[in-house]
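Chemist: 6 is the number of the first residue of the sequence shown in the working numbering; add one for each residue after it. Here it is, the structure, as structure tokens.
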Amino acid sequence: MGEVRVSQKCLNIFLRLSDFAKPVGGNIMDTGENAPLNIFSYLTIMNLIIYWIINVTSVYYFRHNMIDLAFSLVTLGFSIQGLVKVSIVFGRMEEIRRIVYIFRDFVEKFEVESQKTCKLFKNYEKVCSYCFPIVLWIYIVAIVSIFGVTIAMSYWTKTKLLPYGTVIPLLDHKDTTGWIINFLYMLVVSIYAIYGVFASDYAYLYMMAMACGQIETIAIFCEDLTEYLERNDDAENEKEIQRLITKIVVSHQIHTEYLNAVEGVFGIHSFTIIVSSMISIAITLFVFIQEIWINGLMIAAIALWQIFTVCIAGGIYMIKANQVEMHVNATKCRKQKMFINVIHAMQNPVVPSAMGLVPLNFETFINVILSFS
């Protein structure tokens with residue numbers, strides 16, 4: 006057997022992610038009889054809707070207690086996040102598959118004729134494969150820590166505490182039986198959350214990593230053209246110059262199509278993360294001024310992590326986009342007018358954003374931090 010092509014390796018990471026989400030019906034890359042929407046998909050949707058309803062009733066139930074009400078509102082924010090993410094995954098499966106195959110086709114198109122591009126995406130594939138279990142364990146440890154701290158605090162204070170600010174209606178959560186049922190239900194919800202939240206968040210991060218690889222590929226092609234022109238006269242090989250320029254234009258067109266597709270699907274995903282996470286952090290800090298709230302701080306840390314991930318993905322992409330703009334502008338050629346549209350597009354790139362309202366970059370993340378100082 007020959008070595009697996011880089012384009013297939015890049016696709017395999019998303020197939021791996023799809024298989025990971027299979028227990029919750031999120032295996033969107035399957036198109037056979039097990040393809041969603043399947044029984045697991047409907048169970049996930051039903052569980053999320055029930056959990057959201059329980060959250061809303063909990064907000065009403067705890068309306069007279071500031072700490073419990075704050076905890077309920079924070080939990081409600083995360084349940085809204087879940088609803089949005091599930092809506093994206095199950096409502097826009099075809100568009101997500103299209104995004105995946107666009108980046109697969111991009112790598113497949115250029116990996117053979119450009120060793121630099123092949124090596125570039127090999128490195129991206131290795132890093133993304135390496136980060137897959139690391140990011141997953143971050144989510145697992147975060148959830149386990151919340152439950153561990155809750156149990157420890159319950160034992161220490163001799164009270165029946167719950168990991169989230171939600172309780173099942175018509176069930177006394179202060180009674181031993183009611184507390185156990187609530188605790189076990191939240192454990193089930195958390196298992197679903199690990200699958201769903203990790204899969205959706207990592208999918209976006211991986212897609213942005215592939216966007217960075219694409220934008221670097223354009224820079225490589227600009228360097229190839231510049232090096233060729235430095236070694237040869239413009240008129241020496243008209244066909245080769247034409248071929249190199251065509252690669253720049255075509256790669257940029259595919260990349261623009263790809264990033265627009267990502268923005269169209271995941272813009273609301275990023276918007277929901279930023280808005281709900283900022284509200285959760287604000288509520289947590291407000292309550293923390295009044296009373297030590299360990300679980301609230303842990304949830305605030307998770308919220309800050311989510312904002313950080315979407316902003317750092319967009320921030321790294323914009324740094325690379327600015328570098329490519331300099332490469333394109335530095336490319337001197339009498340046929341430069343043939344890719345003048347690329348020059349204009351690089352000066353006004355597609356900016357990763359939260360529904361076009363807030364750019365996802367380092368500045369946004371810093372502004373979020375400063376808003377709480």
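Yeah, the Cβ is synthetic: ideal placement off N, Cα and C, and Gly gets one too.
1) Quick check on Val117: does DSSP put it in helix, strand or coil?
2) Quick check: what's the CA-CA separation for Pro41 versus Phe108?
3) What would DSSP say about Val355, mapped onto helix, strand or coil?
4) To the nearest angstrom, how far is it from the Cα of Arg97 to the Cα of Val254?
5) DSSP on Leu365, reduced to helix/strand/coil?
6) DSSP three-state call for Pro41: helix, strand or coil?
7) Look at the alpha carbon of Ile33 and the alpha carbon of Ile220, and state the distance between them as a whole number of angstroms.
8) Where does Val9 fall in DSSP's three states?
9) According to DSSP, is Phe25 helix, strand or coil?
10) According to DSSP, is Lys163 part of a helix, a strand, or is it coil?
11) With DSSP collapsed to three states, give me the class of His69.
12) Where does Asp206 land, buried or exposed, given buried means 16+ other C-beta within 10 angstroms?
13) DSSP three-state call for Lys179: helix, strand or coil?
14) In chain order, what residues of the same chain lie with their CB nearer than 8 Å to the CB of Val329, ignoring the 5 residues before and after it?
15) What separation, rounded to the nearest whole angstrom, lies between the Cα atoms of Gly153 and Ile304?
16) Would you identify the three-state DSSP class for Pro138, choosing helix, strand or coil?
17) Out of Tyr190, Lys165, Val172, Met191, point me to the one whose CA is closest to Thr181's CA.
18) Could you give the first and the last residue of the continuous alpha helix (DSSP H) run that contains Arg248?
19) Buried or exposed for Met191, going by 16 or more other Cβ atoms inside 10 Å?
20) Applying the 10 Å Cβ sphere with the 16-neighbour rule, what's the burial state of Pro168?
21) Out of Ser275, Lys325, Ala287, Lys163, point me to the one whose CA is closest to Ala75's CA.
22) Is the beta carbon of Arg103 less than 8 Å from the beta carbon of Ala216?
23) Report buried or exposed for Thr369, applying the criterion of at least 16 other Cβ atoms within 10 angstroms of its Cβ.
Modeler: Taking the structure as given:
1) coil
2) 22 Å
3) coil
4) 29 Å
5) coil
6) coil
7) 26 Å
8) coil
9) helix
10) coil
11) coil
12) buried
13) coil
14) Ile220, Glu221, Ile223, Ala224, Cys227, Met351
15) 13 Å
16) helix
17) Lys165
18) 243 to 295
19) buried
20) buried
21) Ala287
22) no
23) buried
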